[in-house]
Each structure stands twice: as structure tokens, then as C-alpha cells.
Amino acid sequence: MIHLAVEHIVNELNSYFSVKISESSKVVQNALIKMDGAVQGGIDDKIVATLVNIEEERIARDPEIYKKQMDGSIQIIKPEVKLNLYLLFTAYFPLDYSEALKMLSLVIGFFQKKNTFNTSNSPGLDPRIKDMNLELFTLSFEQQNHLWGSIGAKYTPSVLYKMRLISIAEDEIDGTGEPITEIYINEDKPETDE
């Protein structure tokens, strides 16, 4: 589900770029740095969308669902996991700093214009994704330094967005059981013939 959400954002940005600057492949989904520390190939003169953090949204967490079946048994369904994704959009234009700033401005302009994505306003969005909201997420200089250090790269013009409430739910039933029909407290339990 995460990959579908990020791919959709990249596709929407590329559509926007094709209208604004007549280029439809300026935005790519990739890491900036390979595991060996070298710069990733194929990202020159591109906006690179990189997932830099995943956070569980605990405030909106639902409890387990107990669903009674026709035969009287109970199904236990685990709640969906709601996530916030942090997407870093980096303007990687090693030979043209001015162009990097121009492209970054287009990214910010796009999300200023359209920061909510759902099946009504985004026809290509997977129907399992109900709603995505993106908001600009500002880091302090210290946080920014830690982020770029963990990426393993030197600072490059970039902007960070928090994508709110991506839900992931498996369709599997967690378990079944019999419904509770009586409750006994220690000494009130009737004696059985054993």
C-alpha cells in the first residue's frame, strides 16, 4: 500500500510538470544514495521522492472488532494500521542550482494547490487508499542535519511533506471464538459435577 501511495504522488507531480514545463518524467521515486555510499544512478536533473520515515498514527487507532457470525461464533478482526509517511522531495540538479530551486518551487506550488488526494479528485488512485493529505513539514537546522546525515548525503535543496493517514489492513480474520453468555465472579460460579 505504501508503494501505491508514493507512486501515485509521483505520477500526479509528473502530470503537473508536463503541463507546467512540458516534461513528464522530472519526478522519480528513489533513494538518493546507494547502500555503498555512491549517488544513485538516474537521478541527475530530477526531483527525487524518497520515503524517509514511517510513523503510526496512534490517536486515530481503532479497537479490535468482534463480529458475530450467523452460526453464533465471533470473529476477531484486527484494526487497520494508520500511518503517516514522510516524503522528502529533493531537487538533484548538480550542475544547475537555479534550476533546482525552480523545480522545488513547482513541487511546493503543486501541493499548495492540491494537498488532498482521494478517489474523487484523483482517478488513478487505488480504491483501497481512502484519503491522503500532504502538509509541509518544517525541520529545524539540527533535525535537517540529522536527516541528511542518516541519508548519507550533503544537503541539497529539498522539501519534506508529511502524508497523513495511509491505512493498511489485511482481509484475514485474526481468530474466532464463542460469544460470552454468562459472567461469574470467583465464588458465584456454580459447581459442576466432576
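Going by my numbering, the first residue of the sequence shown is number 284, and it counts up by one from there. Quick reminder that beta carbons are idealized off the backbone N, C-alpha and C, glycines included.
Could you tell me which of the options sits nearest to residue i, measuring between CA atoms?
i    : options                : result
K317 : S423, N398, I359, A436 : A436
I348 : R341, E339, D354, E363 : E363
N313 : Y444, Q352, G324, S403 : G324
E382 : K309, G320, V293       : K309
Beta carbon of residue i, beta carbon of residue j: below 8 Å?
i    : j    : result
L408 : N398 : no
L334 : L368 : yes
L384 : V442 : no
L430 : L417 : no
D414 : L370 : no
V311 : K329 : yes
L296 : F393 : yes
What's the gap between the Cα of residue i and the Cα of residue j?
i    : j    : result
V390 : V331 : 11 Å
N336 : Y467 : 48 Å
K361 : V289 : 25 Å
E306 : Y438 : 25 Å
D379 : T373 : 14 Å
K365 : E338 : 9 Å
L287 : D354 : 38 Å
I326 : P410 : 30 Å
S481 : N428 : No statement about residue 481 is possible, as the shown extent of the chain runs from 284 to 477 and does not include it.
Q358 : E465 : 19 Å
K350 : S356 : 8 Å
Y291 : I285 : Just to set this straight, residue 291 is His in the shown sequence, not Tyr. Spanning the two alpha carbons is a distance of roughly 10 Å.
Just reading off the beta strand (DSSP E) that residue i is part of, what are its end residues?
i    : result
L419 : 414-419
Inset, instruction - Starting from the N-terminal side, write out each stretch of the alpha helix (DSSP H) that is 4 residues or longer and does not extend beyond the segment 287-359. - result: none
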